[in-house]
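In the numbering used here, the protein residues as written are 9 to 302. We treat Cβ as the ideally placed atom computed from N, Cα and C, and that holds for glycine. These notes are about the structure you will find just below.
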Amino acid sequence: MTKAIRRQDRLTAYAFIAPQLAGTVAFVLVPLVLVFWYSLHEWNVLANTFTFTGADNYRQLADDPNVPKVLLATLFFSAGLVVVNLSLALLLAVLLNQKLRGTTVFRVLFFSPVVVSLVAWTIVWRFMLQDNGGINSFLDAAGIDGPNWLRSGGTAMAAVIVVQVLKNVGLNMVLFLAALQGVPQELYEAARTDGASPWTVFRRITLPLISTTILLTSIITVVGSLQVFAQIAVLTEGGPGTSTTVLVYYLYQQAFQFHAFGYGATLSVLLFLIVLALTAVQWQLRKRWVFHES
Numbered sequence: 009m010t011k012a013i014r015r016q017d018r019l020t021a022y023a024f025i026a027p028q029l030a031g032t033v034a035f036v037l038v039p040l041v042l043v044f045w046y047s048l049h050e051w052n053v054l055a056n057t058f059t060f061t062g063a064d065n066y067r068q069l070a071d072d073p074n075v076p077k078v079l080l081a082t083l084f085f086s087a088g089l090v091v092v093n094l095s096l097a098l099l100l101a102v103l104l105n106q107k108l109r110g111t112t113v114f115r116v117l118f119f120s121p122v123v124v125s126l127v128a129w130t131i132v133w134r135f136m137l138q139d140n141g142g143i144n145s146f147l148d149a150a151g152i153d154g155p156n157w158l159r160s161g162g163t164a165m166a167a168v169i170v171v172q173v174l175k176n177v178g179l180n181m182v183l184f185l186a187a188l189q190g191v192p193q194e195l196y197e198a199a200r201t202d203g204a205s206p207w208t209v210f211r212r213i214t215l216p217l218i219s220t221t222i223l224l225t226s227i228i229t230v231v232g233s234l235q236v237f238a239q240i241a242v243l244t245e246g247g248p249g250t251s252t253t254v255l256v257y258y259l260y261q262q263a264f265q266f267h268a269f270g271y272g273a274t275l276s277v278l279l280f281l282i283v284l285a286l287t288a289v290q291w292q293l294r295k296r297w298v299f300h301e302s
């Protein structure tokens, strides 16, 4: 009877995990294999040809003069987005964790952009950031000559980062806020009794106890920053020049504008390896970043 019950329990467990496993195979593993397979071919949709070329696309990747520029733009965008997003989200969470009137209103206000349509949000900001848009009109009224935010190499990337931060900072803010509310108040009271300064309390108590959430949000934000496409396509189309052409947008250009699907698949493999490497590094560093209660 015991063996029969255990066998039934295993079958029940397999039945519950089967949909998730099937989804992972169908939407993750199979596409990965197909993308790698396509990267070994020259696929011309217009000519209806699919020719095996071996490592030719990878040699083209190594010789492509635009790839270093694209990787540099991707690095700048991801670093700027991650640092600003996480810093601002943590600051907002700390401020909104105070027992003050009106904090609920501000929580809703900062989180509301998260649920707004991404394309609609970006289109609104495109009009706002135009040379004669709302932001420059406000600056002109204050006697300040505003730049052409989306057409200047010095401001285009910063503008895209700001738009993306304002769109998603509310999500990380909510995660940090939940973590802050889980910190035992007794620790704060004991630290204040011992005469610890607010900065010491934050550094020695708050940060260690929310370090797991910091790791989670950093991984989510880093991976998300490498997948940003719609904002670049709507705001700058990779310009001016290639100053805002990140890897995902360059991949799109090669595959869907120049119809080089094989080379586009090669860029997809490169993107996958970058995401995998960054996630692995962050996961390994958790031993130094994350505080575990014992």
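query = Which one of 50, 57 and 75 has the shortest CA to CA distance from residue 65?
reply = For the set 50, 57 and 75, the Cα lying nearest the Cα of residue 65 is the one of 50.
ask   = Using a Cβ-Cβ cut-off of 6 Å (strictly less than) and excluding sequence neighbours within five positions of residue 139, which residues of its own chain qualify?
value = These residues qualify, in order along the chain: 156.
task = Provide the residue span of the beta strand (DSSP E) that contains residue 52, from first to last.
result = First-last of the beta strand (DSSP E) with residue 52: 49 to 52.
message = I'd like to know whether the C-beta atoms of residue 243 and residue 122 end up nearer to each other than 7 Å.
response = Cβ atoms of residue 243 and residue 122: not closer than 7 Å.
ask   = What is the residue span of the alpha helix (DSSP H) that residue 114 lies within?
value = 111 to 119 is the extent of the alpha helix (DSSP H) around residue 114.
query = Exposed or buried, which one is residue 56 when buried takes at least 16 other CB atoms within 10 Å?
reply = Classification of residue 56: exposed, given that the 10 Å Cβ count is below 16.
query = What are the start and end residues of each continuous beta strand (DSSP E) run of 3 or more residues lying completely inside the stretch 183 to 269, in chain order?
reply = Complete beta strand (DSSP E) runs here, min 3: none at all.
request  = Using three-state DSSP, classify residue 59 as helix, strand or coil.
outcome  = In the three-state reduction of the DSSP assignment, residue 59 falls in the strand class, which pools E and B.
task = Report all residues from its chain with a CB closer than 6 Å to the CB of residue 250; omit the five preceding and five following residues, and keep chain order.
result = Around residue 250: 77.
request  = Return the CA-CA distance between residue 161 and residue 88, expressed in angstroms with no decimal places.
outcome  = If I take the Cα positions, the gap works out to 16 Å.
Residue 84 versus residue 241 - alpha carbon distance = Taking the straight line from one Cα to the other gives about 17 Å.
request  = Please state whether DSSP places residue 15 in a helix, a strand or coil.
outcome  = DSSP, read as helix, strand or coil, puts residue 15 in helix.
message = Let me check understanding here. Comparing Cα to Cα, which of 158, 94, 199 and 164 lies closest to residue 218?
response = Considering only 158, 94, 199 and 164, the residue with the shortest C-alpha distance to residue 218 is 94.
task = Determine the DSSP secondary structure at residue 81, reduced to helix, strand or coil.
result = In this structure, residue 81 counts as helix in the three-state DSSP scheme.
key: Limits of the alpha helix (DSSP H) - the one that residue 134 falls within   = 126 to 136 is the span of the alpha helix (DSSP H), which, as asked, contains residue 134.
request  = Quick one: grab the DSSP three-state call for residue 297.
outcome  = Residue 297 sits in a helix when the DSSP states are folded into three classes.
task = Can you tell me which of 259, 48, 220 and 106 puts its alpha carbon nearest to the alpha carbon of residue 290?
result = For residue 290, the nearest C-alpha among the options comes from 220.
query = With a CB to CB cut of under 7 Å and the five nearest residues on each side skipped, what residues in its chain are close to residue 271?
reply = Only 65, 68 and 262 meet the Cβ criterion.
ask   = Between residue 19 and residue 39, what straight-line distance do the alpha-carbon atoms span, to the nearest angstrom?
value = In a straight line, the C-alpha of residue 19 is about 28 Å away from that of residue 39.
ask   = Does the Cβ-Cβ distance between residue 98 and residue 44 come in under 7 Å?
value = The answer is no: Cβ separation not under 7 Å.
query = In or out: residue 288 buried (at least 16 other Cβ within 10 Å) or exposed?
reply = Of the other Cβ atoms in all chains shown, fewer than 16 fall within 10 Å of the Cβ of residue 288; this residue is therefore exposed.
task = Starting from residue 68, follow the alpha helix (DSSP H) in both directions and report where the run begins and ends.
result = For residue 68, the uninterrupted alpha helix (DSSP H) segment begins and ends at 64 to 71.
request  = Tell me where the alpha helix (DSSP H) around residue 158 begins and ends.
outcome  = Neither: residue 158 is in no alpha helix (DSSP H) and is coded neither H nor E.
Pick from 209, 82, 182 and 176 that is closest to residue 192, judged by C-alpha positions = Considering only 209, 82, 182 and 176, the residue with the shortest C-alpha distance to residue 192 is 209.
DSSP-derived helix/strand/coil call for residue 175 = Residue 175 falls in the helix class under three-state DSSP.
ask   = Assuming residue 229 contacts residue 132 under a Cβ cut-off of 8 Å, what Cβ separation, rounded to an integer in Å, is found between them?
value = Residue 229 to residue 132, Cβ: 23 Å. No contact.
ask   = In whole angstroms, what separates the C-alpha of residue 25 from that of residue 13?
value = It is roughly 19 Å from the alpha-carbon of residue 25 to the alpha-carbon of residue 13.
task = Grab me the residues of residue 92's own chain with a C-beta within less than 7 Å of its C-beta, minus the 5 sequence neighbours each way, in chain order.
result = The answer, listed in chain order, is 169 and 173.
inquiry  = Could you compute how far the alpha carbon of residue 102 sits from the alpha carbon of residue 189?
reply    = Those two C-alpha atoms are separated by around 10 Å.
ask   = Can you round the beta-carbon distance between residue 79 and residue 255 to whole angstroms, since I take them to be within the 8 Å contact cut?
value = Contact flag correct, Cβ pair sits at about 7 Å.
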